[in-house]
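Peer 1: Going from the sequence shown to the working numbering is simple: count from 1 and add 1. All C-beta atoms in this analysis are idealised placements derived from N, C-alpha and C, irrespective of residue type, glycine included. Because the structure is a prediction, the values reported are computed rather than measured.
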Amino acid sequence: MRTRRLREFSRLAAFVFSVVCLTTPAWADFKAGEKAYQRNDYGTALREWQPLAKQGQAAAQYQLGLLYANGQGVPKDDAQARQWYEKAASQGHALAQVNLASLYDYARGGSQDFTMAVRWYLRAANQGNDLAQQRLGLLYERGDGVPKDFVQAYMWYKLGTAKGATPGAIRRDDLASRMTSDQLAAAKKLAREWQPKPLASRPSQTRP
Numbered sequence: 002m003r004t005r006r007l008r009e010f011s012r013l014a015a016f017v018f019s020v021v022c023l024t025t026p027a028w029a030d031f032k033a034g035e036k037a038y039q040r041n042d043y044g045t046a047l048r049e050w051q052p053l054a055k056q057g058q059a060a061a062q063y064q065l066g067l068l069y070a071n072g073q074g075v076p077k078d079d080a081q082a083r084q085w086y087e088k089a090a091s092q093g094h095a096l097a098q099v100n101l102a103s104l105y106d107y108a109r110g111g112s113q114d115f116t117m118a119v120r121w122y123l124r125a126a127n128q129g130n131d132l133a134q135q136r137l138g139l140l141y142e143r144g145d146g147v148p149k150d151f152v153q154a155y156m157w158y159k160l161g162t163a164k165g166a167t168p169g170a171i172r173r174d175d176l177a178s179r180m181t182s183d184q185l186a187a188a189k190k191l192a193r194e195w196q197p198k199p200l201a202s203r204p205s206q207t208r209p
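(1) Out of E87, Q135 and K149, which has the shortest C-alpha to C-alpha gap to G165?
(2) Name the two residues that bound the continuous alpha helix (DSSP H) containing W50.
(3) With DSSP as the reference, label S91 as helix, strand or coil.
(4) Between G34, W157, A154 and L96, which has its C-alpha nearest L53's C-alpha?
(5) Answer with buried or exposed for K88, where buried requires no fewer than 16 other C-beta atoms within 10 angstroms of its C-beta.
(6) Here's a check: name, in chain order, each residue in its chain whose Cβ is nearer than 7 Å to the Cβ of R109, leaving out the five neighbours to either side.
(7) Between the C-alpha atoms of A37 and Q73, what's the straight-line distance to the nearest angstrom?
(8) Let me know if T116 comes out buried or exposed under the rule of 16 or more other beta-carbons within 10 Å of its beta-carbon.
(9) So is K198 buried or exposed if we call it buried at 16+ other beta carbons inside 10 Å?
(10) Does the beta-carbon of G57 have 16 or more other beta-carbons within 10 angstroms, so that it is buried, or is it exposed?
Right, dumping it as structure tokens:
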């Protein structure tokens, strides 16, 4: 029995060691891409990140989306940006979720789709992203992609402006002036009770 346990432990140790050996070079490549990006060397950043993105690393996929969205090191291509953001967003990368939602929201890289915008904003908002929360507030206020709902709109505005975001606070206060006291009380209660819902198995959003 003891020998069997030792064998199992040895296999586990070997597996962990192999994972470390595989991920360490990838991490070094990702950081090299970051450093290149910071000095505006977008071609090098692209060369470092592209293989990692193709291997399925969410952080690299998000960075490739940024390069295509901004035309950095590649021709500006919102359709390509949308594809790379979606790959990262599907793995739980909150910033990719926000940017993907924004492309759907503003009809960049494809047709406008408020329903898809709501879907991706919601995923990021549930992770505590304040920009996604404010955009959700606006979509609920207008009834774009969701039924118009002032209570939900105010709740998301309030959550998204907890750190003092001015534009969202202006919209929040304007909306409050058009709500009944019961609606406002319900919205504030929802905001107080809200809890972030991070994905249990979400991959690292910074380190590949």
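Peer 2: Taking the coordinates as given:
(1) Locating residue 165 in the sequence shown gives position 164, where the first residue counts as 1. With distances taken between Cα atoms, G165 lies closest to Q135.
(2) On the sequence shown, position 49 is the one that residue 50 refers to. In this chain, the alpha helix (DSSP H) harbouring W50 covers Y43 to K55.
(3) As a position in the sequence shown, residue 91 is number 90, starting the count at 1. If DSSP states are grouped into helix, strand and coil, S91 belongs with coil.
(4) As a working mapping, residue 53 is identified with position 52 in the sequence shown. Checking every option, the nearest Cα to that of L53 belongs to G34.
(5) Within the sequence shown, the letter at position 87 stands for residue 88. K88 comes out buried.
(6) Looking up residue 109 in the sequence shown gives position 108. So the qualifying residues of the chain are D79.
(7) One-based indexing of the sequence shown puts residue 37 at position 36. One-based indexing of the sequence shown puts residue 73 at position 72. If I take the Cα positions, the gap works out to 12 Å.
(8) In the sequence shown, counting from the first residue as 1, residue 116 sits at position 115. Note on T116: under 16 other CB atoms within 10 angstroms of its CB, so exposed under the neighbour-count rule.
(9) Sequence index remark: in the sequence shown, residue 198 carries index 197 (1-based). Result: exposed.
(10) As a first step, residue 57 is located in the sequence shown; it is residue number 56 there, counting from the start. With fewer than 16 other Cβ atoms within 10 Å, it is exposed.
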